[in-house]
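Asks: Numbering of the sequence shown is given in the working numbering, commencing with residue 1002 and proceeding in unit increments.
Positions of the beta carbon are idealized from the N, C-alpha and C atoms, including for glycine.
Here the structure is a predicted model, which is why all the values come from computation and not from measurement.
Before I ask anything, let me first share the structure, which is written out below as structure tokens.
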Amino acid sequence: MLAFGISIIHIFRYILFILFKGARMKISSDSFRGGDAIDARHAMKAIRGGQNISPHLVISGVPAGAKTLAVACIDRHPMAQGWVHWMAVNLPADTAFISEGASGKSMPRGSLELGNTFGAQGYGGPQPPRGSGRHAYEFTVYAVSEILRVADRRMGESELLELMRGKILANDSITGYFENK
1002 MLAFGISIIH IFRYILFILF KGARMKISSD SFRGGDAIDA RHAMKAIRGG
1052 QNISPHLVIS GVPAGAKTLA VACIDRHPMA QGWVHWMAVN LPADTAFISE
1102 GASGKSMPRG SLELGNTFGA QGYGGPQPPR GSGRHAYEFT VYAVSEILRV
1152 ADRRMGESEL LELMRGKILA NDSITGYFEN K
């Protein structure tokens, strides 16, 4: 009986592992693969081929208890010093994707796009200085436990993180690269 009880426990643990292994929050994109180059159409219009189209993002594994999502795109190149390309908050927690080109047009209901470092609201694509090398654009999705009260849409990444402090249930990132040769 003891051997049977132990094997049932092992089976139960294995089933739980299988069920919840894939439940980790995840962000991906149909516009680019993580670790690959971002297509020029997503870059600012000043870049050859640039159309400033926000990329398609897929969100899965949002934990129970999340009330909203937040999304940020930050240039992680040392020269960029945390340049904000896109931040949006209060996306519904059941958001499964953000359509390509949604910024400024068709964001999920209730979402609020914040200012970027270019001085505009919404998405501002890659526009690294010519010859500055390959820049890493990190797209992060955050599961947030409550609706965020935004007093000023002009904020940097550190202010967004401060606003979400103690409220982030999970997050995941995907990084794409762009170089202005």
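In or out: Asp1076 buried (at least 16 other Cβ within 10 Å) or exposed?
Replies: Label assigned to Asp1076: buried.
Asks: Under three-state DSSP, which class holds Pro1079?
Replies: Three-state DSSP puts Pro1079 in a helix.
Asks: Taking the alpha-carbon of Gln1122 as reference, which of Glu1160, Asn1181 and Met1156 has the nearest alpha-carbon?
Replies: The candidate whose alpha carbon is nearest that of Gln1122 is Met1156.
Asks: Starting from Met1165, follow the alpha helix (DSSP H) in both directions and report where the run begins and ends.
Replies: It spans Glu1158 to Met1165 - the alpha helix (DSSP H) in which Met1165 sits, taken as one unbroken run.
Asks: Does DSSP put Arg1042 in a helix, a strand or coil?
Replies: DSSP places Arg1042 in helix when its eight states are reduced to three.
Asks: Leaving aside the five residues before and after Gly1126 along the sequence, list all residues of the same chain whose C-beta is less than 7 Å from its C-beta, in chain order.
Replies: Excluding sequence neighbours, Gly1126 sits near His1043, Ala1044, Met1045, Gly1051, Asn1053 and His1086.
Asks: Restricting to Cα atoms, I'd like to know which of Ala1144, Leu1162 and Tyr1138 is closest to Gly1036.
Replies: That would be Tyr1138, whose Cα lies nearest to the Cα of Gly1036.
Asks: To the nearest whole angstrom, what separates the beta carbons of Arg1049 and Ala1041, a pair I think is in contact under 8 Å?
Replies: Right, their Cβ atoms sit about 7 Å apart.
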